[in-house]
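Those letters in the sequence shown? Residues 8 to 303, per my numbering, in order.
What follows is a single structure, written as structure tokens, with notes after it.
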Amino acid sequence: QAKQQIDRVEQEMQAFLNQRRTAETNIQSTRETLEAKRLRQQELMTRQSTVQEQIKETDFVLDTLIENLPEEANGSDWMERLERVGVRINRLGPINLAAITEFEELSERKVYLDAQFTDLEDALNTLIEAIRKIDKETKQCFKETFDKVNEFFKSYFPKVFGGGTAYLELIGEDLLDAGVALMAKPPGKKVGNIHQLSGGEKTLTAIALVFSLFQLNPAPFCVLDEVDAPLDDTNVGHFCNLVKEMSEKVQFIFVSHNKETIEMATHLVGITMQEPGVSRVVSVDIDSAIGMVGTS
Numbered sequence: 008q009a010k011q012q013i014d015r016v017e018q019e020m021q022a023f024l025n026q027r028r029t030a031e032t033n034i035q036s037t038r039e040t041l042e043a044k045r046l047r048q049q050e051l052m053t054r055q056s057t058v059q060e061q062i063k064e065t066d067f068v069l070d071t072l073i074e075n076l077p078e079e080a081n082g083s084d085w086m087e088r089l090e091r092v093g094v095r096i097n098r099l100g101p102i103n104l105a106a107i108t109e110f111e112e113l114s115e116r117k118v119y120l121d122a123q124f125t126d127l128e129d130a131l132n133t134l135i136e137a138i139r140k141i142d143k144e145t146k147q148c149f150k151e152t153f154d155k156v157n158e159f160f161k162s163y164f165p166k167v168f169g170g171g172t173a174y175l176e177l178i179g180e181d182l183l184d185a186g187v188a189l190m191a192k193p194p195g196k197k198v199g200n201i202h203q204l205s206g207g208e209k210t211l212t213a214i215a216l217v218f219s220l221f222q223l224n225p226a227p228f229c230v231l232d233e234v235d236a237p238l239d240d241t242n243v244g245h246f247c248n249l250v251k252e253m254s255e256k257v258q259f260i261f262v263s264h265n266k267e268t269i270e271m272a273t274h275l276v277g278i279t280m281q282e283p284g285v286s287r288v289v290s291v292d293i294d295s296a297i298g299m300v301g302t303s
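Encoded structure:
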């Protein structure tokens, strides 16, 4: 029986100890809550003081602001709005105290660049108009020159070939980019381009074209280097006749080994080499020589 009483007393003591621990835990929790409340109170007081200072800096009266607040004003809503405004302000970055000066400088720079752009635009328009005018005049001049050369070429070709026809043909619609094809029909052949001609025919065709250009704008003299080399006797005769005709306007200097061509010249210059490596120039004035022969 005494043992039972002891057990009961121990159980009661254990129950009291548990209650004590629970009470201590509650007390500690209450202390922590009170401390948190106290810290929160200090935080709010600090924020209040900060806000009051900020309001003073803006020259607003706190009582007036409170009176003007709408009746449905809600603290949480205003905090959300304040946070959004704060985020927008942060996005703007730090305040640049030199922004006004920089803005004025950039404004002046913009005015200057706008003026420069206007000048360049005017100059560009002037250049475009000048290019159009030059292109127009170039096309007109090219077409006139092409037509004249073509007419001369049509007349000279039969002279060097003793017949046949030839003409120049533009390839392409744009005169500034168009190519020029030379179409020729020697006697007894079909019309074709210059690549279909023989070596002698190409030479005669080229001579006709060169003389056509000289006819358009004669030069003081013309140098021909053995252009008669690939020609037969008949074509050499045609070539010589054409040179005689052109010699009334142009002085010809030509190199030749052809007897008939040499006979056509009025002044001969021969190069001989009687000794190896030593050249000798022999000059003969045909007209003077003929005069001397006639006198003798």
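For every residue, glycine included, the Cβ atom is placed at its ideal position computed from N, Cα and C.
All values reported here derive from a predicted model rather than from experimental measurement.
Report, in whole angstroms, the separation of the C-beta atoms of Met271 and Phe221, which I expect to be a contact under 8 Å.
That belief does not hold up - the Cβ atoms of Met271 and Phe221 are roughly 17 Å apart, past 8 Å.
Thr172 bridges to which residues according to DSSP?
BP columns for Thr172 point to Lys192.
Are there 16 or more other CB atoms within 10 angstroms of the CB of Leu211, so buried, or fewer, so exposed?
Leu211 should be labelled buried.
Quick check for students: name the residue ranges of the alpha helix (DSSP H) that lie wholly in the segment 64-124, counting only runs of 4 or more.
For the segment 64-124, whole alpha helix (DSSP H) runs of length 4 or above, ordered along the chain, are 69-75 and 82-99.
Report the three-state DSSP secondary structure of Val198 (helix, strand or coil).
Correct three-state label for Val198: coil.
Spell out a yes or no on whether the segment 118-135 and the segment 186-194 are touching, meaning 3 or more CB-CB pairs, one atom from each, closer than 8 Å.
With the cut-off at 8 Å, the segment 118-135 and the segment 186-194 do not touch.
Glu233 - DSSP class collapsed to helix/strand/coil:
Coil at Glu233, not helix or strand.
Can you tell me which residues form a DSSP beta bridge with Ile278?
Note: Ile278 sits in a beta bridge opposite Val288.
Can you tell me which of the three DSSP states Leu238 falls into?
Leu238: coil per DSSP, three-state reduction.
Does DSSP put Gly207 in a helix, a strand or coil?
In the structure shown, Gly207 sits in a helix (DSSP, three-state: H, G or I).
What whole-angstrom Cβ distance do Gly160 and Leu249 have, given they're in contact under 8 Å?
The sequence as given places Phe at residue 160; Gly does not occur at that position. About 13 Å; that fails the 8 Å criterion.
The alpha helix (DSSP H) spanning Glu255 covers which residue range?
Segment: none, Glu255 is in no alpha helix (DSSP H) and carries neither H nor E.
Mapping DSSP to helix, strand and coil, what is Gly179?
Gly179 falls in the coil class under three-state DSSP.
Just to confirm before moving on: does the CB-CB distance between Phe218 and Asp235 stay below 7 Å?
No. Outside cutoff.
Can you give me the start and stop residues for the alpha helix (DSSP H) that Thr273 sits inside?
Annotation for Thr273: no alpha helix (DSSP H) segment contains it, and DSSP assigns it neither H nor E.
CB contact flag (Pro193, Glu208, <7 Å)
Yes, the Cβ-Cβ distance between Pro193 and Glu208 is below 7 Å.
Based on DSSP bridge pairs, tell me the residues matched to Phe160.
Its beta-bridge partners do not exist; DSSP assigns none.
Can you list, in chain order, the residues of its chain with a C-beta nearer than 6 Å to that of Ser36? Leave out the 5 residues immediately preceding and following it.
When the five nearest sequence neighbours on each side are left out, no beta carbon in the same chain lies closer than 6 Å to the beta carbon of Ser36.
Please state whether the Cβ-Cβ distance between Phe261 and Leu231 is less than 7 Å.
Yes, Cβ-Cβ distance for Phe261 and Leu231 is below 7 Å.
Within 10 Å of its beta-carbon, does Thr65 have 16 or more other beta-carbons around it, so buried, or fewer, so exposed?
By the 10 Å Cβ count, Thr65 comes out exposed.
Could you say which of Ala213, Asp14 and Glu115 lies nearest to Val6 if we only look at CA atoms?
Examination of residue 6 is not possible in this model, given that the chain is present from 8 through 303 alone.
Cutting at 6 Å between CB atoms, please list the residues of its own chain near Gln26, excluding the five before and the five after it.
Cβ within range, chain order: n/a, list empty.
Straight-line CA distance for Leu51 to Leu104?
Their Cα atoms are separated by approximately 32 Å.
Measuring CB to CB, does Thr279 end up less than 7 Å from Ile293?
Not closer than 7 Å, so no.
Alpha carbon to alpha carbon, what distance is there between Ile102 and Thr133?
One C-alpha to the other measures close to 47 Å.
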